[in-house]
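**Student:** Our numbering applies: residue 177 is where the sequence shown begins, and numbers increase by one.
Ideal Cβ positions, reconstructed from N, Cα and C, are used throughout, including at glycine.
Mind having a look at this structure? Questions to follow.
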Amino acid sequence: MCSEKLKIFAFTSIRSEYDLMSALYKKLEQDSSVDFQLVVSGAHLVPALGGSVSEIENDGFRVTYRIETLLAADSQASRVKSAAILQSAAVDILSNEAPDLVMFAGDREDVLIYASVCAFLNIPSIHFFGGDHAKDGHVDNPVRHATSKLASLHFVSTEEHKRRLLAIGEPDSRIFVIGSVALDKFISEPVVPKSEVLKRVKIDSGAGNGKIAVLIFHPVDSERERAGAYVHNMVSVLNSLGYHVCASMPNSDPGNRAIREALIKLKGSASLTVYENLSRSLFINLLRSSDLMIGNSSAGLLEAPSIPLPAVNVGERQKGRLASNNVVFCGGSIRAINDAVLRTESEDFLSQLRRSSNPYGDGRSVNRAYRLIKELHFSNYVRKPEDPLEN
177 MCSEKLKIFA FTSIRSEYDL MSALYKKLEQ DSSVDFQLVV SGAHLVPALG GSVSEIENDG
237 FRVTYRIETL LAADSQASRV KSAAILQSAA VDILSNEAPD LVMFAGDRED VLIYASVCAF
297 LNIPSIHFFG GDHAKDGHVD NPVRHATSKL ASLHFVSTEE HKRRLLAIGE PDSRIFVIGS
357 VALDKFISEP VVPKSEVLKR VKIDSGAGNG KIAVLIFHPV DSERERAGAY VHNMVSVLNS
417 LGYHVCASMP NSDPGNRAIR EALIKLKGSA SLTVYENLSR SLFINLLRSS DLMIGNSSAG
477 LLEAPSIPLP AVNVGERQKG RLASNNVVFC GGSIRAINDA VLRTESEDFL SQLRRSSNPY
537 GDGRSVNRAY RLIKELHFSN YVRKPEDPLE N
């Protein structure tokens, strides 16, 4: 390697993606043979969106660089302009620091920036969670696949994801199936009693006849005009069925304002608690203490099966992704949501739920990723001369 210590840079721009990776970050940060550096940008640095950089620091990480990228406008154009700001800063940071390895995760525009900068600067990179695919036609799919074509190595969650990377021309030698590193922290998180969880999130134990539903709904461009109505329909149905709703504010993607406004408007008249950010520990234990997850968050597919917790996925987001039998997909109308929730309460559904397993891993993925990072010679993977026609 080019330095006495293995110099690794990790980039994070949003709370959900940081939560997926934080257990691996901690493992690397605690290794005396690794010089681990964390670069924070995006929603982490915006107080109105929760300012989650403070939680990163509370986890014991030193933030090496902060890149303020988000613009105030709630538009697709502002998202692209923010990416341009990030690219300029990332070029300066990585060209000056010349790390041995850069890590990034997911399918947001940020990862495409990191992957392209690393490719042009001949810096080895690992892309986590590549090979996934949803059928919603959202820009996340091409961003994810384009990132995979630019990245040096791929640490993927499932064999299906590996097959998809092979299909787009990535050679087998660059792909490692390790499971989801997010599940390690999720499964190992100490259990907090339900009474204490409800106290921390300020929910009366008798609210909603004792039934709790966690609602997380993020913007999707194709559903932008209907997003507020979908939120209203979910809360209305859940309240009518005796649930108290604990709702998270959406991510920072364009279209988030309509969802935020709908939740704020409903807050005073419905059995509803709204939060901007919960700590990872509290969020995990809130899911464990709940009876249902609803919305369109990937947590319903990736993490809820490990409880196991029923999840109703509303709308187009997440459709087509690998899902366990804890998930019911439905449209955004009151009738569709009502039927889906009632299905999760049926004895047949609950019986098969008890026999469900999580297709994304077993909670031991961090050690697999860590061993590979320590063993692989990254300089051997920088150049990508492979011809897809020869694979």
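Of all Cβ atoms in chain C, is any one closer than 7 Å to the Cβ of residue 507?
**Tutor:** The displayed structure is made up of one protein chain only, and chain C is not part of it.
**Student:** With DSSP as the reference, please indicate the residues paired to residue 451 in a beta bridge.
**Tutor:** 424
**Student:** Looking at the structure shown, is residue 134 part of a helix, part of a strand, or coil, going by DSSP?
**Tutor:** There is no way to answer for residue 134, as the model of the chain reaches only from 177 to 567.
**Student:** Less than 7 Å between the C-beta atoms of residue 489 and residue 529, yes or no?
**Tutor:** no
**Student:** Is the stretch 423 to 435 touching the stretch 384 to 397, taking contact as three or more C-beta pairs under 8 Å?
**Tutor:** yes
**Student:** Thinking just about the alpha-carbon of each residue, which of 266, 375 and 553 is nearest to the one in residue 188?
**Tutor:** Ranking 266, 375 and 553 by Cα distance to residue 188 puts 266 first.
**Student:** Roughly how many angstroms lie between the CA atoms of residue 302 and residue 200, to the nearest whole one?
**Tutor:** If you take the alpha carbons of residue 302 and residue 200, they lie about 13 Å apart.
**Student:** Near residue 461, which residues of its chain fall below 6 Å by C-beta distance, leaving aside the five closest residues on each side in sequence?
**Tutor:** 368 and 373
**Student:** To the nearest angstrom, how far is the alpha carbon of residue 178 from that of residue 233?
**Tutor:** Interpretation of residue 178 is limited by its pLDDT of 48, a score under 50 that renders its predicted location unreliable; the figure taken from the coordinates is listed afterwards. Cα to Cα, the separation comes out at about 28 Å.
**Student:** Check whether the Cβ atoms of residue 185 and residue 275 lie closer than 7 Å to each other.
**Tutor:** yes
**Student:** For residue 453, which residues in the same chain have their Cβ closer than 7 Å to its Cβ, ignoring the five residues on either side in sequence?
**Tutor:** 191, 226 and 228
**Student:** Does the stretch 461 to 470 touch the stretch 479 to 498, meaning 3 or more C-beta pairs lie closer than 8 Å?
**Tutor:** yes
**Student:** Which residues in the same chain have their Cβ closer than 7 Å to the Cβ of residue 448, if we skip the five residues on either side of it in sequence?
**Tutor:** 411, 421, 423 and 442
**Student:** Flag this pair as touching only if the stretch 335 to 343 and the stretch 280 to 292 have three or more C-beta atom pairs under 8 Å; answer yes or no.
**Tutor:** no
**Student:** Whole angstroms are fine: how far does the CA of residue 352 sit from the CA of residue 280?
**Tutor:** Near 15 Å, if we compare the C-alpha coordinates of residue 352 and residue 280.
**Student:** Does residue 563 pass the burial test, meaning 16 or more other C-beta atoms within 10 Å, or should it be called exposed?
**Tutor:** exposed
**Student:** How about residue 482 and residue 363: are their beta carbons less than 7 Å apart?
**Tutor:** yes
**Student:** Excluding the five sequence neighbours on either side, which residues of its own chain have a C-beta within less than 7 Å of the C-beta of residue 553, listed in chain order?
**Tutor:** none
**Student:** Tell me which residues share the same chain as residue 326 and place their Cβ nearer than 7 Å to its Cβ, disregarding the 5 neighbours each side in the sequence.
**Tutor:** 291, 292 and 295
**Student:** What whole-angstrom Cβ distance do residue 435 and residue 476 have, given they're in contact under 8 Å?
**Tutor:** The Cβ separation is near 17 Å, so there is no contact.
**Student:** Relative to the C-alpha of residue 304, which residue among 451, 544 and 555 is closest?
**Tutor:** 544
**Student:** Starting from the C-beta of residue 181, find all residues in its chain whose C-beta is less than 7 Å away, skip the five residues before and the five after it, and write them out in chain order.
**Tutor:** 209, 210 and 211
**Student:** What is the C-beta distance between residue 359 and residue 536, in whole angstroms, given that I count them as a contact (C-beta under 8 Å)?
**Tutor:** So it is a contact: roughly 6 Å between Cβ atoms.
**Student:** Spatial neighbours of residue 402 within its chain, please: C-beta separation below 7 Å, excluding the five flanking residues on both sides.
**Tutor:** 508
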